[in-house]
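Below is one structure, written out as structure tokens; the observations come after it.
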Amino acid sequence: MENLAIVAVFIALGYFFGRMAESRHYQSIHEREQAFLHLPTTSSKKPLGHIGPITQARLVQGNVVISVDYFKRFLATLRNIFGGTIQAYETLLDRARREAVLRLKESCPDADQIINLRLETSSISKGDTERIGSVEVLAYGTAIYSQQNTSQAAPQ
Amino acid sequence: MFLTNIEDVPGKTITVCHGIVSGSTVRAKHVGRDIMASFKNIFGGELKGYTELLGESREQAIDRMKGQAQQMGANAIVNVRFSTSSVAAGAAEIYVYGTAVTVE
Numbered sequence: 001m002e003n004l005a006i007v008a009v010f011i012a013l014g015y016f017f018g019r020m021a022e023s024r025h026y027q028s029i030h031e032r033e034q035a036f037l038h039l040p041t042t043s044s045k046k047p048l049g050h051i052g053p054i055t056q057a058r059l060v061q062g063n064v065v066i067s068v069d070y071f072k073r074f075l076a077t078l079r080n081i082f083g084g085t086i087q088a089y090e091t092l093l094d095r096a097r098r099e100a101v102l103r104l105k106e107s108c109p110d111a112d113q114i115i116n117l118r119l120e121t122s123s124i125s126k127g128d129t130e131r132i133g134s135v136e137v138l139a140y141g142t143a144i145y146s147q148q149n150t151s152q153a154a155p156q
Numbered sequence: 157m158f159l160t161n162i163e164d165v166p167g168k169t170i171t172v173c174h175g176i177v178s179g180s181t182v183r184a185k186h187v188g189r190d191i192m193a194s195f196k197n198i199f200g201g202e203l204k205g206y207t208e209l210l211g212e213s214r215e216q217a218i219d220r221m222k223g224q225a226q227q228m229g230a231n232a233i234v235n236v237r238f239s240t241s242s243v244a245a246g247a248a249e250i251y252v253y254g255t256a257v258t259v260e
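Keeping their order, the protein sequence lines are chains A and B.
Here the first sequence stands for residues 1 to 156, where the numbers follow the working numbering.
Here the second sequence stands for residues 157 to 260, where the numbers follow the working numbering.
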């Protein structure tokens, strides 16, 4: 009986704090995505569009580890019985990927374009998956700097 | 040392190919971080300790790869790929590999 009460408290805590954290995170993602609209990322191996002579190219990366809250994990367990989409985990992965790409962009704000973007997802605690529902997403790519950009940036 | 994950270094030409280089590191999380992570498991959100841990491990793996490439006399690594696998509960292996080349 006591155990049940503890679980209920965890679920309630997870519900309130998890929802708060998620909406706050989405808000910050939207804001930063707007701010980085000038820096396109592509999954192609050659830069797209008109770009001047390339002066520099370097490997850039961004990573994030995100965990689900207790309430969502509970929902997911229920879903395991009936089947269907687990929306709780869909938003978790969506947030993690967008956050990783944003961190990648933040590491090279002056670049012209980021090409060959790769996303890699892994669950870092496989041995005890029952305990921790967390994923790591790594985004990596090649940041391209062109002459055009440096000459534009110089007067500022 | 130039690092890219495309097949060449833009603006340069590859003159010599030295072959595959790789670097790996296996890291375990420490107890303090694990306790914080279990709290986060109730409330949800980013596990900053783990993000940093994996970031540091990746830097170390890249350094090892660069060291190998330098020994071969290369000045660039192209087609870099990352991979992560969990070898045991609470430990992760970070592996990074690429092709060492000389560019001009």
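Beta carbons are placed, not taken as given, at the ideal position from N, Cα and C, and that holds for glycine.
If you're wondering where the values come from, they're calculated on a predicted model, not measured in any experiment.
- Linking A/Pro109 to A/Gly141 through their CA atoms gives a straight-line distance of about 14 angstroms.
- The alpha-carbon of B/Ser239 is positioned some 43 angstroms away from that of A/Glu2.
- Contact with chain A is found for B/Gly201, since one of that chain's Cβ atoms lies less than 8 angstroms from the residue's Cβ.
- The shortest C-alpha to C-alpha distance from B/Ile162 to any of B/Gln224, B/Ala225 and B/Gly254 is the one to B/Gly254.
- In chain order, Phe71 place their CB closer than 7 angstroms to the CB of A/Tyr15, counting only its own chain and leaving out the 5 sequence neighbours on each side.
- Cα atoms of B/Glu249 and B/Val165: separation of roughly 28 angstroms, rounded to the nearest angstrom.
- Here A/Ser134 is bridged, per DSSP, to A/Ser67.
- With contacts defined as CB atoms closer than 8 angstroms, A/Ser146 and A/Gly52 qualify as a contacting pair.
- In this structure, B/Asp219 lies away from B/Gly175, with their beta-carbon atoms at least 8 angstroms apart.
- Between B/Thr207 and A/Asn63, the C-beta spacing is below 8 angstroms.
- Linking B/Ile198 to B/Arg237 through their CA atoms gives a straight-line distance of about 34 angstroms.
- A/Asn80 counts as exposed, since fewer than 16 other C-beta atoms from the protein chains shown sit within 10 angstroms of its C-beta.
- Taking a C-beta distance under 8 angstroms as the contact criterion, A/Asp112 and A/Ile86 do not qualify as a contact pair.
- Scanning chain A for C-beta atoms nearer than 8 angstroms to the C-beta of B/Tyr206 yields Val65, Ile124, Ser134 and Glu136, reported in chain order.
- Under DSSP, A/Arg79 shares a beta bridge with no residue.
- At least one CB of chain B lies nearer than 8 angstroms to the CB of A/Thr55.
- Judged by DSSP in its simplified three-state form, B/Leu210 adopts helix.
- The beta-carbon distance between A/Lys46 and A/Ile114, rounded to whole angstroms, is 13 angstroms. This is too long to meet the 8 angstroms contact definition.
- Separation of the CB atoms of B/Ala232 and B/Val259 is rounded to 5 angstroms, and the pair is thereby assigned contact status at 8 angstroms.
- A Cβ-Cβ distance of about 4 angstroms is found for the pair B/Ala225 and B/Ala256, placing them in contact under the 8 angstroms criterion.
- Taking 8 angstroms as the CB threshold, B/Val177 stays off the interface with chain A.
- B/Glu163 reaches chain A at Lys45, counting residues in chain order whose Cβ is nearer than 8 angstroms.
- Taking a C-beta distance under 8 angstroms as the contact criterion, A/Ser123 and A/Val137 do not qualify as a contact pair.
- Taking a Cβ-Cβ threshold of 8 angstroms, the residues of chain A close to B/Gly211 are Asn63, in chain order.
- In terms of Cα proximity to B/Thr169, the closest of B/Arg183, B/Val234 and B/Gln227 is B/Val234.
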